[in-house]
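A.B. asks:
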Amino acid sequence: MSGLRERLAAKARRQLVVPILVSDASTDQHTFNGAMVALQLAQAREDPQPGEVENLTKAVQDAAEAVKAHYVDVHMQALTAADWEAAMAKWTGDTVDWAAALPPLLAESCVDEELQDEQWWRERLGDESWTEGDIDALRRALLLLNVSAADPSVPKG
Numbered sequence: 000m001s002g003l004r005e006r007l008a009a010k011a012r013r014q015l016v017v018p019i020l021v022s023d024a025s026t027d028q029h030t031f032n033g034a035m036v037a038l039q040l041a042q043a044r045e046d047p048q049p050g051e052v053e054n055l056t057k058a059v060q061d062a063a064e065a066v067k068a069h070y071v072d073v074h075m076q077a078l079t080a081a082d083w084e085a086a087m088a089k090w091t092g093d094t095v096d097w098a099a100a101l102p103p104l105l106a107e108s109c110v111d112e113e114l115q116d117e118q119w120w121r122e123r124l125g126d127e128s129w130t131e132g133d134i135d136a137l138r139r140a141l142l143l144l145n146v147s148a149a150d151p152s153v154p155k156g
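Residues in the sequence shown are numbered from 0 upward in steps of one, following numbering that gives the first Met the number 0.
(1) From Ala106, Pro102, Arg139, pick the residue whose C-alpha is nearest to that of Arg121; which is it?
(2) With DSSP as the reference, label Asp72 as helix, strand or coil.
(3) Please report the straight-line C-alpha distance between Arg123 and Ala136, rounded to a whole angstrom.
(4) Could you give the DSSP three-state label for Val59: helix, strand or coil?
(5) Would you kindly report the start and end of the unbroken beta strand (DSSP E) that includes Gln115?
(6) Alpha carbon to alpha carbon, how far is Ile19 from Asp61? Give it in angstroms, no decimals.
(7) Under the DSSP definition of a beta bridge, which residues are partnered with Ile19?
(8) DSSP on Thr91, reduced to helix/strand/coil?
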């Protein structure tokens, strides 16, 4: 096993995946919820029908995949400390000007090269289909990656 110094020296930039809803998932979500209830009821029975739990488990998995198909995962990574500080200095007055800061920060933070385009992000975030919730999820991800400390609930050795 590597020593503490080697492990710290090999530290990778933090990454996070932000799921963004791109189509209406309500019907598939309803199907998923029903499948979960049916599975829980079958599991609670003392004597379920042969294959019932397995079939319902498969139905839950299929329904979960259908729900997931309505989302696109945006993979992001932390900026270097210097890049984050420079960005915050550029867009911070009394508060952070997130409208100006978000497109370039997203372009720089996205792992997928296809999403590393500031103008594209500016157009997307200005589109009516993007809700405040979508934008806030991306903003929170940037803060989690670049500002938040490690989770204190991680078990201590």
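Just so it is clear, CB atoms sit at the ideal spot from N, CA and C, and this is done for glycine as well. Nothing here was measured: the structure is a model prediction, and the numbers come from that model.
C.D. replies: Put simply:
(1) Closest by alpha carbon: Pro102.
(2) strand
(3) For Arg123 and Ala136, the distance between alpha carbons rounds to 14 Å.
(4) helix
(5) Per DSSP, Gln115 belongs to no beta strand (DSSP E) and is neither H nor E.
(6) 20 Å
(7) Val71
(8) strand
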